[in-house]
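Each residue of the sequence shown is one higher than the last, beginning at 831 in the numbering used here. Each residue gets a CB set at the ideal place from its N, CA and C atoms; glycine is no exception. Note that this is a predicted model, so its numbers are computed, not measured.
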Amino acid sequence: MGVAAKLTDMFSPLIILVGAALGVGTLWFATKLGMTGERSFFPVVLISIASFYIVFAFETADPGTILLNIGFAALFVLAASWGYRHGLILCAAGLGGHAVFDMVYHATSHSPAPDWWASVCLSFDAIYAIWLVALLRRQGTDTAV
């Protein structure tokens, strides 16, 4: 399947809506509980999101795929760690970057994730990135929640 066909399949409105609803729903719930006020919340979310591809890679039982996805996840863990220490705007960039990663990785390579995953994760990641940027702007800072 070519890149254009994969992108067309990937952008099912229903699947994107599911990811967005999960993003908004979990953020609403976390906000009500006061979790989004904790500095570590968004970095932990970014680390968790990045780890899913490792899980999918283990399902393939291919050592190369596993190592590749550990490497990809490490980049996002680095962004989360750096953002936690030096400015949560970097975590927002990491979340947005992961949304782009979902689209590109799924469309251009042999992603170990299920076909529907990229759309769900893309919309979820984008919601979280936008929410964090809005939160930081509302507080007038890019370093602390």
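Which residue marks the beginning of the alpha helix (DSSP H) containing residue i, and which one marks its end?
i, result
"G849", "843-863"
"R967", "947-969"
Quick test of your reading: residue i and residue j, contact by CB under 8 Å. State the CB separation rounded to the nearest angstrom.
i, j, result
"A956", "G926", "7 Å"
"Y958", "L857", "7 Å"
"L876", "A929", "Not confirmed; about 11 Å, so no contact."
"L966", "A922", "7 Å"
"G913", "P873", "6 Å"
"G853", "F954", "4 Å"
Should residue i be labelled buried (16 or more other beta-carbon atoms within 10 Å of its own) or exposed?
i, result
"H940", "exposed"
"S949", "buried"
"H936", "buried"
"L897", "exposed"
"T866", "buried"
"S878", "exposed"
"T890", "exposed"
"A887", "buried"
"G864", "exposed"
"L847", "exposed"
"T971", "exposed"
"F906", "buried"
"T895", "buried"
"G849", "buried"
Between the options, which lies nearest to residue i when the distance is taken from Cα to Cα?
i, options, result
"A904", "V854, F841, F882", "F882"
"P942", "G867, P893, P873", "P893"
"G917", "A891, S870, K862", "S870"
"A851", "T895, G970, V963, L952", "L952"
"F841", "G855, W946, R915", "W946"
"V885", "W961, Q969, P944", "P944"
"A860", "R968, Q969, L962", "L962"
"Q969", "T895, G849, I919, V934", "I919"
Whole alpha helix (DSSP H) runs in the stretch 872-949 with 4 or more residues, listed along the chain?
893-916, 919-938
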